[in-house]
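Visitor: Structure incoming, see below.
Protein chains: 2
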Amino acid sequence: MKNQFISVLLVAALSLSFARAEAKSDNFSTEQLNQVEQLKQQALKSDLAWNLVESLTTEVGPRMPGTPGDKAGVAWAVKKLNALGFDKVWTEPATFPRWIRYSESAAVISPAPQKLHITAFGNSISTPKAGIQAQVIEFETLAELENAPIDAANGKIVFINYRMNRDRDGNGYGPAVQARRRGAVVAAQKGAVGYVMRSVSTAHHRFAHTGGSSYKEGVTKIVSSAISNADADQLHRLLALGEPVTININVQAKSMGEGTSYNVIGEFTGSEFPEEYVLIAGHLDSWDLGTGALDNGAGVAITMAAAKLAAKNTPKRSIRVVLFAAEEFGLWGAKAYVKKHKNSLSNIVAAAESDFGADKIWGFESNVHASALPVARDIAAMMQSLNVEYVGRNEARGGPDLIPFRPFNIPAFELAQDGTDYFDYHHTADDTLDKIDPEKLRQNVATYAVFSYMAANAKTRMNGKKITNN
Amino acid sequence: MKNQFISVLLVAALSLSFARAEAKSDNFSTEQLNQVEQLKQQALKSDLAWNLVESLTTEVGPRMPGTPGDKAGVAWAVKKLNALGFDKVWTEPATFPRWIRYSESAAVISPAPQKLHITAFGNSISTPKAGIQAQVIEFETLAELENAPIDAANGKIVFINYRMNRDRDGNGYGPAVQARRRGAVVAAQKGAVGYVMRSVSTAHHRFAHTGGSSYKEGVTKIVSSAISNADADQLHRLLALGEPVTININVQAKSMGEGTSYNVIGEFTGSEFPEEYVLIAGHLDSWDLGTGALDNGAGVAITMAAAKLAAKNTPKRSIRVVLFAAEEFGLWGAKAYVKKHKNSLSNIVAAAESDFGADKIWGFESNVHASALPVARDIAAMMQSLNVEYVGRNEARGGPDLIPFRPFNIPAFELAQDGTDYFDYHHTADDTLDKIDPEKLRQNVATYAVFSYMAANAKTRMNGKKITNN
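So the protein sequences, as listed, match chains A and B.
With the working numbering as the guide, the letters of the first sequence map in order to residues 740 to 1209.
With the working numbering as the guide, the letters of the second sequence map in order to residues 740 to 1209.
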C-alpha cells in the first residue's frame, strides 16, 4: 500500500514536470498552456462526441445528398449546434447533381449460378429493367484496360480486379480509386456494355463499396459498379476455370437534376479578433448504404465537440465548425463555401477537416508561412502527451473538403488519423456506429480541441505560405 | 553455419525421440505408428482439402436443399469421390420439406426511416406483398417474452434482442438459438403479427444470420426473421428514444412440399474387416446466402481429404465418408441414413462429424466402451504433436448429424475445433472461401487423417458404451 502511494506520488511528480517542460512558449501564456492541459483532460473524459455521432446515426441515419435523410441531417445539425450554445448558427445553400439509387443486384448466370454482392456507383445509369447480361472479361488494373486494343471488351462486361493496399495513411486509396472514378468510361471506349470492379476496399467481408464516378461526353454511358472483395475473388476463380463466365447486372438508379442542400455552420465568436477564425470541418452528408458513422458522422461529432470544449473560455479568435454538404457527390458544399466567402478566406487562421474515420490521431502537420511554424510546433508539443507525433514537412493537405480552398493559400493542418481499418467500412452498409471506439474518439476530440484552442488564442495569427493580406 | 547444423541435428534427434516416445502401444504396431507419423507430415503439406473446398464453393456455390445448387453439389461430390479413387461411391435418397427464399427486406418507417438488414428463417411464411408494418416491442430474451402477459405483443412485431456469447466451443449457440427455432411461435401466442430477432451471431458486421425455425400446430404462423447485430443495436437505440418505432418487414418465401436430395457416400474398403467402418462425415448442403465455405464445405473437404490420405495403405477396416443431405433443414440426410442402415450401425467402429468451420482442432474426446479407451488414448497421443489435447471425459457428442445415431450407441468422437470466430459467419452471405485459412485447414485434415487411420487399423475394433453385438 505504501509502495503504491509512493508510485502514485512519483507519477504525479513526473506528469507535473512534463507539463512544466511543455509549458514554455513565446506564443502562449502559462495560463493558456495550463488551460490547454485542462482541456485535454476534459476531452479525454467527455462523451460529447460519442453522444453526437450516436444521435446523428440513430435519429437521422443515412444522409445521401438530396434525400429526406440529408434534409433531416441539416435540421439535426442546426438544432444541436444551437443546443450546444454556439454563438452563431446558420446555413448556406449548396447545389449539386442529384442521383438516387432504387435497387441493385447481380448474379453469375453461368457456369455456376450464384448471387454477387454489388453496388452501383453514384451517378451510374440504370440498366434495362431485366438487367444487362454478358460475358465477363477481367483486367488486373485500369492501366491494363487502357492499354488494351480498342475492341478488347466488345459486347462484354469489363471487370477490373485491382487489390487495394491496407495502409495507416490510406495511401492505397489513390491508386485504387481511379478505376472507380473513370473505369466505366475506359471500359465503354473498349466496347464494353457494362462495368464492374473489385471494391475500393481492404475488407474481408461481403460488402460492396460505393462512391463517386463520372462519365465523359461523347463516350457511351454504361452501368458502373463494384462487387465485394469476396465476390471479386469468386469471379476471378470462375474466370480462371477457363470457360466463359456470364453475369447479369441489374441497377435501377436515376439522375434527378439539380438538388440543394446546406452547409451548416456554427461559430463561437472570438473576443479580440472576431472576424478571424479557426475552421474545423466535417461533412454532414453520407452515402445511402450505411448510417455514415465513420464517414463522416465521426468528423461531424469530433469537430462539434472539440469546438465546444475549446471555446469554454472565450477564445481571442472565432472557432467555426463547418459541416459541409454533398461532399460525397463531389465536394459541392466546400465549393459553395469557397465561392461565397472567397473575399474573406484570408480570415482563416487555421483549417483542418476530420474525414477519415474515428480512430486515433497519430500525427500533426502544418502547411503555413514560416512565421507561423513556432505556433505549429507549440501546438504539436501540447499534443505529445496524446501520443501525437509532429510531422515537420509543413506540407499538410487537409481533408477532401479543403481541396477547393487550396488556391487561396489558407493555413491548412492535418490531424493525421490512423486509417488502417478505415477502408474496411468506407462507403458500405457496414459503416455503422458499432465501428467507432469511444476511447479512440475521445483522443481524437482532444487533439482537435487542443488545435482549435491554440490556433484561436496564439499571440499572433497564423498565415498561409504566401501572406496575402493582414 | 556449423552451429546451425548442430541445431538441426539436435532438433532432429529430439523429434525422433519424441516420435519414439509416442511409438509404444498394444493396439498398433511400430510400423503402423510410423505410418501415422508420415501421414501427419503428408497432411500438413497437402493442399487437397483446400482444393476441394475451393472447387465446391466456386464451381457449385450455394447448396440449399432442393435447389439446383444442391443437385449440382451432389453431382460434384460423386465426381470428386470417384476422381479421388474411393473404392465405392454411391448415393442414398433423403426427403425433406422444401422451402425457397425469393426476397427479403425491412426498413424503419418511423421515427428515422432507414433500411434494416434482415433475413428470413428457413420455413418462414411470406408477408403480404407490401410487407407487414407495425410497431415494435422489444424483449431481452425468449424467457422474458414467454413470461409476458398473453396480449403483451398484440398487433406488434416482437423483437428479441438477446446477445450471443463468443466462445471457443460455441457454447453461446445453445442459449441463443432457441429464440430462432421457436421465437415466432411464442410471439404469435402473445398476439404478435411478426417476429424479428438479433441474429444468432457474434459478428460486428451487418449480415443477418439465417437458420432453421418451426411453427406449432394451432398457433398462427407469423413471419420469422433476424436482423444483423448492427441493426439490432440500431433498433434498440431507436426504441430507447421512447417514441413508438414502426418497421416494415417484407419476406417472400414459399414452402414447396417434399423434396429429395442425396447423401453422397464414398468408401475405401478395408482389407480384413470390410463390413466394419470408420464413419467421417460432413454435410453437403448449405444455406442459400453464402457459398457455404465454413458451413460446411470445410467439413466436406476435410473428411474427403483425410480419408484419401488415411487410406493410402489399405486399412484393415473400411473408411467411409458420408456427406449428408439437407442438414440445415433438420438433419434429414442423417435421419435417412440411420433409418436405412439401422440394422448394421454396429458396424461403425468410430464416427466423427466435421461441422464447425475450418479452424484448428484443439481437443480430442471419445464416447466409447471402456475396453476401447486405450485405443482412444493412443489416437490422442499421436495427435499431441498437432497441439491437440486429450479430453478424458469420454462423453463426446459428435456433430449435429450424429444426433440421430445416438440411440444406436455407436463409438462417437469429437475432434473439437476452435469455433471462436465461427458464429461471425455462420449462416450468412459472408460465409465464403476467404474465411478459411489454408494452414489451419491442413492441421484439421491431419487430425482427421490420424483418427481415421488409427480407428480403422487398431488391433481390436472399438465399440460404443454398451456393446450390442460383435
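Ideal placement from N, C-alpha and C gives every residue a C-beta, glycine not left out.
Computed from a prediction, not measured in an experiment: that's the story for all the values here.
#1: State yes or no: is the beta carbon of A/T1199 nearer than 8 Å to at least one beta carbon in chain B?
#2: For A/N766 and A/Q1123, what's the separation of their Cα atoms in angstroms?
#3: Quick one: grab the DSSP three-state call for B/H1166.
#4: Using CA atoms only, rank isn't needed, just tell me which of A/G1158, A/D1117 and A/A1032 is closest to A/T797.
#5: So that I know if they touch, is there some Cβ in chain B lying closer than 8 Å to that of A/V813?
#6: Between which residues of its own chain and A/T999 is the CB-CB distance below 6 Å, once the five residues before and five after are set aside?
#7: Just curious, the beta strand (DSSP E) that A/T796 is in, first and last residue?
#8: Identify each residue in the region 959 to 972 of chain A for which the Cβ-Cβ distance to at least one residue of chain B is less than 7 Å, and report them in chain order.
#9: Quick check for students: name the residue ranges of the alpha helix (DSSP H) that lie wholly in the region 1071 to 1116 of chain B, counting only runs of 4 or more.
#10: Straight-line CA distance for A/A752 to A/N773?
#11: Is the CB of A/H1166 under 8 Å away from at least one CB in chain B?
#12: Just how far apart, CA to CA, sit B/H1165 and B/S940?
#13: Give the straight-line distance between the Cα atoms of A/Y1161 and B/F1144, rounded to the nearest whole angstrom.
#14: Can you list the residues of chain B that A/Q853 reaches, using a CB-CB cut of under 8 Å?
#15: Suppose contacts are defined by Cβ-Cβ distances below 8 Å. Is B/G1005 in contact with B/V1077 by that definition?
#16: Under 7 Å Cβ-Cβ, which residues of chain B neighbour A/H944?
#17: If you run the structure through DSSP and keep just helix, strand and coil, what is B/F1190?
#18: Using CA atoms only, rank isn't needed, just tell me which of A/N1082, A/Q973, A/A1194 and A/A788 is closest to A/I857.
#19: What's the call for A/A760, buried or exposed, on a 16-neighbour Cβ count within 10 Å?
#20: Which residues, in chain order, does the region 1170 to 1182 of chain A contribute to contact with chain B at a C-beta distance below 8 Å?
#21: Please report whether the beta-carbon of B/E793 lies at a distance below 8 Å from any beta-carbon of chain A.
#22: Tell me, please, which residues DSSP counts as bridged to B/T985.
#23: Does DSSP put A/R840 in a helix, in a strand, or in coil?
#24: So, helix, strand or coil for A/I745, using DSSP?
#25: Measuring only between beta-carbons, confirm whether B/H1022 sits less than 8 Å from chain A.
#26: Can you give the beta carbon distance from B/A965 to B/R937, rounded, assuming they're within the 8 Å contact cut?
#27: By Cβ distance, which residues of its chain are closer than 7 Å to A/A918, with the 5 residues on each side in sequence left out?
#28: B/F1012 to B/R1056, Cα distance in whole Å?
#29: Mind checking the region 767 to 781 of chain A against chain B and listing, in chain order, the residues whose C-beta falls within less than 7 Å of any C-beta there?
#30: I need the boundaries of the alpha helix (DSSP H) containing A/H975, first residue and last residue.
#31: Of all the CB atoms in chain A, is at least one closer than 8 Å to the CB of B/T797?
#32: Would you mind giving the Cβ-Cβ distance between B/P836 and B/F1063, rounded to the nearest angstrom? I have them listed as a contact below 8 Å.
#33: Can you pull out the residues from the region 835 to 869 of chain A whose beta carbon lies closer than 9 Å to at least one beta carbon of chain B?
#34: Does A/P807 pass the burial test, meaning 16 or more other C-beta atoms within 10 Å, or should it be called exposed?
#35: With 8 Å as the threshold, decide whether the Cβ of A/L977 is near any Cβ in chain B.
#36: Can you tell me where the beta strand (DSSP E) with B/P1013 in it begins and where it stops?
Guide: The answer reads as follows:
#1: Along the first sequence, read from residue 1 onward, the residue named residue 1199 of chain A stands at position 460. By this cut-off, A/T1199 is not an interface position.
#2: Walking along the first sequence from the start, residue 766 of chain A turns up at place 27. Walking along the first sequence from the start, residue 1123 of chain A turns up at place 384. Approximately 17 Å, taken between the alpha carbons.
#3: Counted from its first residue, the second sequence places residue 1166 of chain B at position 427. It is coil, neither helix nor strand.
#4: Start at 1 with the first residue of the first sequence, and residue 797 of chain A comes out as number 58. That would be A/A1032, whose Cα lies nearest to the Cα of A/T797.
#5: The count along the first sequence starts at 1 and reaches residue 813 of chain A at position 74. Taking Cβ atoms only, chain B never reaches closer than 8 Å to A/V813, which makes this a no.
#6: As a working note, residue 999 of chain A is residue 260 in the first sequence. So the list reads P832 and T834, once near-sequence residues are dropped.
#7: Within the first sequence, numbered from 1, the residue matching residue 796 of chain A stands at position 57. Careful: A/T796 lies outside any beta strand (DSSP E) and carries neither H nor E.
#8: Residues are counted here when their Cβ sits less than 7 Å from a Cβ of chain B; for the region 959 to 972 of chain A these are A969 and D972, given in chain order.
#9: 1071 to 1079
#10: Counting from one through the first sequence, the residue named residue 752 of chain A turns up at place 13. Counting from one through the first sequence, the residue named residue 773 of chain A turns up at place 34. Note that A/A752 scores a pLDDT of 45, beneath 50, so its modelled location is shaky and nothing firm can be said.
#11: Counting from one through the first sequence, the residue named residue 1166 of chain A turns up at place 427. Not one chain B Cβ lies under 8 Å of A/H1166.
#12: Here residue 1165 of chain B refers to the residue found at position 426 of the second sequence. Here residue 940 of chain B refers to the residue found at position 201 of the second sequence. Spanning the two alpha carbons is a distance of roughly 8 Å.
#13: Along the first sequence, one-based indexing puts residue 1161 of chain A at 422. Along the second sequence, one-based indexing puts residue 1144 of chain B at 405. Rounded to whole angstroms, A/Y1161 to B/F1144 spans 48 Å at the Cα level.
#14: Here residue 853 of chain A refers to the residue found at position 114 of the first sequence. Listed along the chain, the chain B residues whose CB falls inside 8 Å of the CB of A/Q853 are G800, P801, G808 and T1030.
#15: Position 266 of the second sequence, counted from the start, is the residue given in the question as residue 1005 of chain B. Position 338 of the second sequence, counted from the start, is the residue given in the question as residue 1077 of chain B. For B/G1005 and B/V1077, no; Cβs fall outside 8 Å.
#16: Indexing the first sequence from 1 puts residue 944 of chain A at position 205. Ordered by position in chain B, the residues that pass the 7 Å Cβ test against A/H944 are H944 and D1169.
#17: Against the second sequence, residue 1190 of chain B aligns to sequence position 451. B/F1190: helix per DSSP, three-state reduction.
#18: Here residue 857 of chain A refers to the residue found at position 118 of the first sequence. Cα-wise, what sits closest to A/I857 is A/Q973.
#19: Reading the first sequence from its first residue, position 21 is the one you call residue 760 of chain A. The predicted position of A/A760 is uncertain, since its pLDDT is 45 and thus under 50; a value taken from the coordinates is nonetheless stated next. By the neighbour-count rule (16 or more Cβ atoms within 10 Å), A/A760 is not buried but exposed.
#20: Look at the region 1170 to 1182 of chain A: the residues with a C-beta under 8 Å from a C-beta of chain B are T1171, L1172, D1173 and K1174.
#21: Indexing the second sequence from 1 puts residue 793 of chain B at position 54. So, interface residue.
#22: Taking the second sequence and counting its residues from 1, the one referred to as residue 985 of chain B is at position 246. For B/T985, which the question treats as bridged, DSSP gives the partners B/S849 and B/Q874.
#23: Position 101 of the first sequence holds residue 840 of chain A. Assignment of A/R840 by DSSP, reduced to helix, strand and coil, places it in the strand class.
#24: Taking the first sequence and counting its residues from 1, the one referred to as residue 745 of chain A is at position 6. Residue confidence is low: A/I745 scores 48 on pLDDT, short of 50, so the model does not pin down where it sits. Its coordinate-derived value is still stated next. If DSSP states are grouped into helix, strand and coil, A/I745 belongs with the helices.
#25: As a first step, residue 1022 of chain B is located in the second sequence; it is residue number 283 there, counting from the start. With a threshold of 8 Å between beta carbons, B/H1022 makes no contact with chain A.
#26: Walking along the second sequence from the start, residue 965 of chain B turns up at place 226. Walking along the second sequence from the start, residue 937 of chain B turns up at place 198. So it is a contact: roughly 7 Å between Cβ atoms.
#27: In the first sequence, residue 918 of chain A corresponds to position 179, counting from 1. Its chain contains L881, I899, Y901 and M936 as the residues whose beta carbon lies nearer than 7 Å to that of A/A918, once the 5 sequence neighbours on both sides are disregarded; these appear in chain order.
#28: Numbered from 1 along the second sequence, position 273 holds the residue referred to as residue 1012 of chain B. Numbered from 1 along the second sequence, position 317 holds the residue referred to as residue 1056 of chain B. The straight-line gap from Cα to Cα measures roughly 5 Å.
#29: Listed by position along the chain: nothing, the set is empty.
#30: Mapped onto the first sequence, residue 975 of chain A falls at position 236. Residues N968 to A979.
#31: Within the second sequence, numbered from 1, the residue matching residue 797 of chain B stands at position 58. True, the Cβ-Cβ gap to chain A drops below 8 Å.
#32: The residue labelled residue 836 of chain B in the question sits at position 97 within the second sequence. The residue labelled residue 1063 of chain B in the question sits at position 324 within the second sequence. About 16 Å; that fails the 8 Å criterion.
#33: V847, P850, A851, P852, Q853, K854 and H856
#34: On the first sequence, position 68 is the one that residue 807 of chain A refers to. By the neighbour-count rule (16 or more Cβ atoms within 10 Å), A/P807 is not buried but exposed.
#35: Taking the first residue of the first sequence as position 1, residue 977 of chain A is located at position 238. Yes, A/L977 lies at the interface with chain B (some Cβ there is under 8 Å from its Cβ).
#36: Locating residue 1013 of chain B in the second sequence gives position 274, where the first residue counts as 1. Unbroken beta strand (DSSP E) run through B/P1013: F1012 to H1022.
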